[in-house]
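Data block below; observations after.
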Amino acid sequence: MQQDEDNKQGIIDKINTPPEVENSELKDWRNEHGYPSNNFLQSLADQSLEDSSLTGKAATEKLKSIATDLDVSFGPNTSIEELIGRIRAVSRSGINTTT
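First residue of the sequence shown? That's 1 in UniProt numbering, and the numbers climb one at a time after it.
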């Protein structure tokens, strides 16, 4: 039963994911330190700001997902630029911290 539900969800996810997002680097965003690179963040920001299609919306959602994964606080009115800045700040502080 659970496998059937998982299969259904996988099909729904595939339908809701644009092909250009599915085949892009959006799936795996972590670098060797576990944080997104500046280039990767900039490419997502560019897509979010310039493209109102599904790709742009997917890029915006990916940025929010990354922020959530990194425990970056943001609200519904947080701009893309501000979100990117917060993610970069967390990434810099995490990379510079030694354990």
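Idealized CB from N, CA, C, for every residue including glycine.
| message | Just to confirm the assignment, what range does the alpha helix (DSSP H) spanning ASN38 have? | response | For this step, residue 38 is matched to residue 38 along the sequence shown. DSSP places ASN38 in the uninterrupted alpha helix (DSSP H) bounded by 38-50.
| query | From ILE87 to ILE66, what does the alpha carbon distance come to, in whole angstroms? | reply | Start at 1 with the first residue of the sequence shown, and residue 87 comes out as number 87. Start at 1 with the first residue of the sequence shown, and residue 66 comes out as number 66. Using only the alpha carbons, I get a separation of about 8 Å.
| What's the C-alpha gap between VAL72 and LEU54? | One-based indexing of the sequence shown puts residue 72 at position 72. One-based indexing of the sequence shown puts residue 54 at position 54. Using only the alpha carbons, I get a separation of about 24 Å.
| said: I'd like the span of the alpha helix (DSSP H) that includes GLY56, first residue to last. | reply: Mapped onto the sequence shown, residue 56 falls at position 56. Counting along the chain, the alpha helix (DSSP H) containing GLY56 begins and ends at 54-69.
| field | Status (buried if at least 16 other CB within 10 Å, exposed otherwise) for ALA59 | value | For this step, residue 59 is matched to residue 59 along the sequence shown. So ALA59 counts as buried.
| request: Rounded to whole angstroms, what's the CA-CA distance from ARG30 to ASP46? Just pull it up for me. | output: By 1-based counting over the sequence shown, the position of residue 30 is 30. By 1-based counting over the sequence shown, the position of residue 46 is 46. ARG30 and ASP46: Cα-Cα distance of roughly 19 Å.
| task | Tell whether a beta-carbon distance below 7 Å holds between SER48 and ILE84. | result | Sequence index remark: in the sequence shown, residue 48 carries index 48 (1-based). Sequence index remark: in the sequence shown, residue 84 carries index 84 (1-based). Against a cut-off of 7 Å, the Cβ pair of ILE84 and SER48 comes out as no contact.
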